[in-house]
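K.L.:
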Amino acid sequence: MQLPKYSLGMGDRFAHQAKAQLQACVLSGEAGVDITPVWNKSNREHLIIGSEPGGTRAAADAAVQALRWTRPYFLDADHINLSTYERFVPPCDFFTIDVADNIGQKSDDAEIAKFVERHPELVGSIAIPGIVEPFQIDRAFVERTAKQFLAAVQHAAAIYRAIVASKGSEDFVAEISMDETDRPQTPPELLVILAAVADERLPIQTIAPKFTGRFNKGVDYVGDVPQFAKEFRDDIATIAYAVERYGLPANLKLSVHSGSDKFSIYPAIRQALRDTGAGVHVKTAGTTWLEELIGLAEAGGSALELACDVYAEAYAHADDLCAPYATVIDIDRAKLPLPSEVEAWTGEQYVRALRHNDADPDYNPDFRQLLHVGFKVAAKMGTRYTDALMRNEAVIARNVTANLFERHIHPLFLS
Ligand SMILES: [Zn+2]
Numbered sequence: 134m135q136l137p138k139y140s141l142g143m144g145d146r147f148a149h150q151a152k153a154q155l156q157a158c159v160l161s162g163e164a165g166v167d168i169t170p171v172w173n174k175s176n177r178e179h180l181i182i183g184s185e186p187g188g189t190r191a192a193a194d195a196a197v198q199a200l201r202w203t204r205p206y207f208l209d210a211d212h213i214n215l216s217t218y219e220r221f222v223p224p225c226d227f228f229t230i231d232v233a234d235n236i237g238q239k240s241d242d243a244e245i246a247k248f249v250e251r252h253p254e255l256v257g258s259i260a261i262p263g264i265v266e267p268f269q270i271d272r273a274f275v276e277r278t279a280k281q282f283l284a285a286v287q288h289a290a291a292i293y294r295a296i297v298a299s300k301g302s303e304d305f306v307a308e309i310s311m312d313e314t315d316r317p318q319t320p321p322e323l324l325v326i327l328a329a330v331a332d333e334r335l336p337i338q339t340i341a342p343k344f345t346g347r348f349n350k351g352v353d354y355v356g357d358v359p360q361f362a363k364e365f366r367d368d369i370a371t372i373a374y375a376v377e378r379y380g381l382p383a384n385l386k387l388s389v390h391s392g393s394d395k396f397s398i399y400p401a402i403r404q405a406l407r408d409t410g411a412g413v414h415v416k417t418a419g420t421t422w423l424e425e426l427i428g429l430a431e432a433g434g435s436a437l438e439l440a441c442d443v444y445a446e447a448y449a450h451a452d453d454l455c456a457p458y459a460t461v462i463d464i465d466r467a468k469l470p471l472p473s474e475v476e477a478w479t480g481e482q483y484v485r486a487l488r489h490n491d492a493d494p495d496y497n498p499d500f501r502q503l504l505h506v507g508f509k510v511a512a513k514m515g516t517r518y519t520d521a522l523m524r525n526e527a528v529i530a531r532n533v534t535a536n537l538f539e540r541h542i543h544p545l546f547l548s
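134 is the number of the first residue of the sequence shown in my numbering; add one for each residue after it.
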């Protein structure tokens with residue numbers, strides 16, 4: 134199973150927007166660029182909502198049928214590990230194997246020594262096409278890096294083999310993710326990691342390193358854009374080199390776990406893809422749920438009331454809601470409006486506060502981030518929430534499609 138060149142990870146927390154999301158890929162195809170949709174949902178999301186991976190499969194298949202989509206599409210078991218992969222095996226055909234927690238874990242000294250022995254080619258001056266300065270790598274660096282990452286790669290291989298055994302085939306896409314960690318991996322480290330991946334015969338098609346800067350959920354990138362651009366290009370060059378050198382899958386590409394809405398780095402990504410011909414997988418996280426709230430607020434009346442109630446509850450339980458996402462949100466509590474103020478807002482005021490438009494003085498990123506992690510509140514509302522989604526399907530779908538197509542696909546792949 135081959136992941137095509139450009140793919141977009143999309144989250145659909147309540148499994149009601151797959152069709153509207155797929156419509157954005159239809160529009161992209163009509164504009165001349167094929168984007169492969171990948172519906173991703175993590176175990177954490179399933180647990181908070183109380184949903185099953187099979188529900189995501191049903192929603193995706195229904196959307197594909199409704200729009201007569203004939204090109205590939207995938208279902209991503211997002212950030213799984215050895216204790217969570219199992220229930221994702223039947224419905225999923227894309228597995229994001231998360232080994233960030235295994236970075237730095239001690240490996241056997243003999244294993245490290247074997248790795249260093251096996252890879253004399255990693256020592257010396259390594260000139261990678263596309264990177265200006267050759268890397269000067271010594272044996273000590275290879276040893277240090279293997280100590281840092283070998284256990285994580287071997288653990289990823291163990292998870293991969295467990296999935297193969299459970300699925301009874303290798304017909305799926307595998308990704309290794311190392312993004313949820315403190316320190317970005319450098320290109321020479323990435324090269325060592327990919328050598329280890331090849332040793333394990335792990336046929337990954339995407340790899341998600343950690344980049345410099347902050348990738349908070351639902352808001353823009355915080356960091357040094359030129360530095361990101363350089364890292365991104367160096368990583369592309371390193372992957373191309375490793376594919377050649379170690380016989381990794383030819384379509385191996387970077388996966389950017391963007392957390393959505395990293396508008397300020399989209400031009401750098403687009404330019405790098407254009408210059409190098411590389412592919413990319415961009416995960417956009419669960420901001421589709423915010424488009425549901427935007428649609429409900431636009432609809433007004435009882436739908437707007439519901440959107441206000443969601444905020445009031447989220448405000449009241451902010452500590453609980455933020456805790457699982459502490460490392461990927463930055464909320465200034467002092468800038469959150471009081472629920473009583475929000476109740477007095479018009480639909481337009483609600484939409485303008487929530488919609489990510491930096492040019493709008495009424496846009497409130499703190500309000501947006503709290504609602505982003507507040508989906509548990511809507512999940513608890515049960516059918517009151519999902520009935521409202523169905524009653525207001527048209528206005529919500531319009532926002533879901535426009536958000537994905539105009540704010541993400543267009544700047545990343547089309548402009
Ligand atoms: Zn991630």
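Just so it is clear, CB atoms sit at the ideal spot from N, CA and C, and this is done for glycine as well. Computed from a predicted structure; not experimentally measured.
Return the CA-CA distance between Val-297 and Thr-314, expressed in angstroms with no decimal places.
P.N.:
27 Å
K.L.:
Quick check: what's the CA-CA separation for Leu-385 versus Pro-472?
P.N.:
Straight-line Cα distance between these residues: approximately 47 Å.
K.L.:
Distance check for Glu-425 and Ile-236, CA to CA, integer angstroms please.
P.N.:
37 Å
K.L.:
Between Ala-341 and ligand 1, is the CB less than 7 Å from at least one heavy atom?
P.N.:
yes
K.L.:
Counting along the chain, where does the alpha helix (DSSP H) carrying Glu-532 start and finish?
P.N.:
Here residue 532 turns out to be Asn, not Glu, going by the sequence shown. Unbroken alpha helix (DSSP H) run through Asn-532: 526-535.
K.L.:
Just the C-alpha distance for Asp-499 and Phe-274, rounded to the nearest angstrom, thanks.
P.N.:
Spanning the alpha carbons of Asp-499 and Phe-274 requires a straight line of approximately 42 Å.
K.L.:
Taking three-plus beta-carbon pairs below 8 Å as touching, is the segment 229-244 in contact with the segment 278-286?
P.N.:
yes
K.L.:
So, using beta-carbon positions, are Ala-196 and Lys-152 closer together than 8 Å?
P.N.:
yes
K.L.:
Is the separation between the beta-carbon of Arg-488 and that of Ile-427 shorter than 8 Å?
P.N.:
Annotated as proximal: Arg-488 and Ile-427, with beta-carbon spacing under 8 Å.
K.L.:
Just to confirm before moving on: does the CB-CB distance between Val-533 and Glu-431 stay below 8 Å?
P.N.:
no
K.L.:
Kindly confirm or deny that the segment 438-453 and the segment 506-525 touch, where touching means at least three C-beta pairs closer than 8 Å.
P.N.:
yes
K.L.:
Return yes when the Cβ of Ile-462 is within less than 8 Å of the Cβ of Lys-350, no when it is not.
P.N.:
Going by C-beta atoms, Lys-350 is nearer than 8 Å to Ile-462.
K.L.:
Just to confirm, does His-414 get its C-beta within under 7 Å of one of the non-hydrogen atoms of ligand 1?
P.N.:
no
K.L.:
Measuring CB to CB, does Asn-525 end up less than 8 Å from Leu-429?
P.N.:
yes
K.L.:
Could you check how far apart the C-beta atoms of Asp-226 and Val-159 are, in whole angstroms? I think they sit under 8 Å.
P.N.:
No, Asp-226 and Val-159 are not in contact; Cβ-Cβ is about 21 Å, not under 8 Å.
K.L.:
Can you give me the C-alpha to C-alpha distance between Gly-142 and Ala-210, rounded to a whole angstrom?
P.N.:
11 Å
K.L.:
Going by DSSP in three states, Thr-169 sits in which element: helix, strand or coil?
P.N.:
strand
K.L.:
Alpha carbon to alpha carbon, what distance is there between Leu-155 and Ala-535?
P.N.:
11 Å
K.L.:
Alpha carbons only, please: which of Val-249, Ala-329, Ile-369, Ala-401 is nearest the one belonging to Ser-548?
P.N.:
The option with the nearest alpha carbon to Ser-548 is Ala-401.
K.L.:
If we count the other Cβ atoms within 10 Å of its Cβ and call it buried at 16 or more, is Arg-146 buried or exposed?
P.N.:
buried
K.L.:
What residue ranges within the segment 311-358 form continuous alpha helix (DSSP H) runs of no fewer than 4 residues, ordered along the chain?
P.N.:
320-332
K.L.:
What's the C-alpha gap between Val-330 and Leu-381?
P.N.:
8 Å
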